[in-house]
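Every number in my numbering is 2 more than the matching position in the sequence shown, counting from 1.
Glycine included, every Cβ here is placed at the ideal spot set by N, Cα and C.
Below is one structure, written out as structure tokens; the observations come after it.
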Amino acid sequence: MQQNGERPILVTGIPRSGTSWVGKMLDAGGRVVYINEPLNDQHPPGRSPGVLRAAVHHRFPYISEANEAHFLEPFRDTLRLRYHHRAELRENRTPRDLMRMAKYSSSFARGRVRGRRPLVDDPFAVFSTGWFARRLGCEAVVVTRHPAAVAASRKELGWRTDFRHLLRQPLLLEEWLHPFESEMREIVRSPDPIAEGSLLWRMVHHVVAELRDGPGPPIRVVRNEDLSFDPVAAYADLYASLGLPLTEGARTIIERSSSGSANGNSSHSWSLSTQGLSKSGFRPLDSRANTVKWKKVLTPEESSRVRALTEDVAQRFYADADWG
Numbered sequence: 003m004q005q006n007g008e009r010p011i012l013v014t015g016i017p018r019s020g021t022s023w024v025g026k027m028l029d030a031g032g033r034v035v036y037i038n039e040p041l042n043d044q045h046p047p048g049r050s051p052g053v054l055r056a057a058v059h060h061r062f063p064y065i066s067e068a069n070e071a072h073f074l075e076p077f078r079d080t081l082r083l084r085y086h087h088r089a090e091l092r093e094n095r096t097p098r099d100l101m102r103m104a105k106y107s108s109s110f111a112r113g114r115v116r117g118r119r120p121l122v123d124d125p126f127a128v129f130s131t132g133w134f135a136r137r138l139g140c141e142a143v144v145v146t147r148h149p150a151a152v153a154a155s156r157k158e159l160g161w162r163t164d165f166r167h168l169l170r171q172p173l174l175l176e177e178w179l180h181p182f183e184s185e186m187r188e189i190v191r192s193p194d195p196i197a198e199g200s201l202l203w204r205m206v207h208h209v210v211a212e213l214r215d216g217p218g219p220p221i222r223v224v225r226n227e228d229l230s231f232d233p234v235a236a237y238a239d240l241y242a243s244l245g246l247p248l249t250e251g252a253r254t255i256i257e258r259s260s261s262g263s264a265n266g267n268s269s270h271s272w273s274l275s276t277q278g279l280s281k282s283g284f285r286p287l288d289s290r291a292n293t294v295k296w297k298k299v300l301t302p303e304e305s306s307r308v309r310a311l312t313e314d315v316a317q318r319f320y321a322d323a324d325w326g
């Protein structure tokens with residue numbers, strides 16, 4: 003069995019929780035190979051058979067031992083840092099695709115030579131976290147974020163959720179989401195942005211809480227807010243728990259990423275560090291201010307509604323004071 007410091011890493015959580023921030027900050031230490039959203043069903047960053055040689059047909063595809071045949075060997079290849087050039091070229095041949103292919107194939111090759119650990123940053127893997135830990139030996143890091151903050155971010159981006167992607171996965175319903183099926187069907191009939199985001203938050207965090215508190219392999223649950231208030235100390239703890247050395251260079255990057263002062267003229271070029279991320283991925287910001295930004299984005303009525311819709315699950319992660 004692989005020991006701490008050797009195992010692959012999965013960073014996941016509900017979209018807009020900060021998974022790409024966490025993934026890039028763990029990448030800053032130079033000991034991992036960063037792999038962005040292989041289970042995204044949209045290209046880019048997903049639908050890249052060079053990275054993952056398996057078709058993805060749903061948002062949030064659910065993988066467990068009962069249906070793993072389609073994904074198990076392809077993910078083992080990904081975590082062995084084996085890049086499939088021919089498969090990629092058959093599917094994706096634009097100039098941008100070729101740039102991504104060069105980036106990934108070279109990072110995979112360097113990672114194999116240098117013994118780097120693969121780090122998969124993928125919010126669409128969140129329902130499959132247990133499988134990644136059990137079957138692929140991943141050290142799972144799940145990022146949580148206040149439900150109102152997620153709602154505010156979705157509102158700013160105009161994001162919606164099509165629950166038909168979840169309803170079309172009977173195994174996911176059977177094993178995890180059957181308590182929420184009627185609510186999903188109601189929202190499909192009568193779409194409502196706040197209700198959509200709140201229900202997705204509840205479902206994701208219901209699964210996360212059960213995995214955290216259950217008998218399976220341990221998962222690390224980290225709150226975005228805790229990382230944001232004291233980033234260097236919080237990331238130092240996370241690095242240590244994963245067996246990663248925190249270098250001075252990584253400390254500097256973490257400080258700049260959360261101060262809102264990083265720019266392309268600094269010694270660390272974020273225009274390079276964010277290459278390959280999905281369009282809504284991490285960008286440097288004032289992390290402390292960002293934790294309460296939701297109070298300016300949501301109306302009081304919207305905030306109250308998000309709390310009412312999520313509180314049965316949110317209380318397992320956030321106290322009353324966190325809503326103040």
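Item checked: Residues near Tyr106 in its chain [Cβ-Cβ closer than 7 Å; skip 5 each side] -> Taken in chain order, the residues that qualify are Gly52, Val53, Tyr85.
Notebook entry, point to check: With DSSP run on the structure shown, which of helix, strand or coil describes Val223?
Noted result: For Val223, the three-state secondary structure derived from DSSP is strand.
Check: Identify the residues that DSSP records as bridge partners of Thr14: which are they?
Finding: In the DSSP output, where bridge partners are listed per residue, Thr14 has Val144.
Note to self: Suppose the cutoff is 6 Å on Cβ atoms and the five residues either side in sequence are ignored; what does the same chain contact list for Ser269 look like?
What the structure shows: Because Ser269 carries a pLDDT of 30, less than 50, the predicted location of this residue cannot be relied on, and no value is offered for it.
Checklist line | Opening and closing residue of the alpha helix (DSSP H) in which Asn292 lies | finding: Note, Asn292: alpha helix (DSSP H), 289-293.
Item checked: Between the CA atoms of Pro17 and Trp178 - distance to the nearest angstrom -> Going from the Cα of Trp178 to the Cα of Pro17 covers about 19 Å.
Note to self: Check this for me: beta carbons of Val308 and Ser230, under 8 Å apart or not?
What the structure shows: Cβ atoms of Val308 and Ser230: not closer than 8 Å.
Check: With a Cβ-Cβ cutoff of 8 Å, do Arg225 and Thr146 count as a contact?
Finding: At a Cβ-Cβ threshold of 8 Å, Arg225 and Thr146 count as neighbours.
Item checked: beta-carbon Glu188 near the ligand PLP non-hydrogen atom, thresh 7 Å -> Although the ligand PLP was asked about, the structure shown includes no ligands whatsoever.
Next item on the list: Would you tell me roughly how many angstroms separate the C-alpha atoms of Arg162 and Asp194, rounded to the nearest one?
Entry: Between Arg162 and Asp194, the C-alpha separation is close to 9 Å.
Next item on the list: Output the distance between the C-alpha atoms of Leu174 and Leu168, rounded to the nearest integer angstrom.
Entry: Rounded to the nearest angstrom, the two C-alpha atoms are 7 Å apart.
Check: So Leu300 and Ala197 are in contact, right, with Cβ under 8 Å, and what is the actual spacing, rounded?
Finding: That pair is no contact at about 14 Å.
Checklist line | Between the CA atoms of Ser50 and Val128 - distance to the nearest angstrom | finding: Their Cα atoms are separated by approximately 19 Å.
Check: How about Ile256 and Val234: do their beta carbons lie closer than 8 Å?
Finding: Between Ile256 and Val234, the CB-CB gap stays under 8 Å.
Check: Buried or exposed: which applies to Val144, given that a residue is buried once 16 or more other Cβ atoms fall within 10 Å of its Cβ?
Finding: With 16 or more other Cβ atoms within 10 Å, it is buried.
Notebook entry, point to check: If we call anything under 8 Å between Cβ atoms a contact, is Ile65 one with Ala135?
Noted result: Cβ atoms of Ile65 and Ala135: not closer than 8 Å.
Next item on the list: Leaving out five residues on either side along the sequence, give the residues of the same chain with a beta carbon under 6 Å from the beta carbon of Lys298.
Entry: Answer for Lys298: no residue qualifies.
Checklist line | Spatial distance of Ala104 from Arg95 (CA atoms) | finding: About 12 Å.
Checklist line | Contacts around Cys140, its chain only, beta-carbon distance under 6 Å, and the 5 residues preceding and following it disregarded | finding: Result list for Cys140: Pro10, Leu12, Phe134, in chain order.
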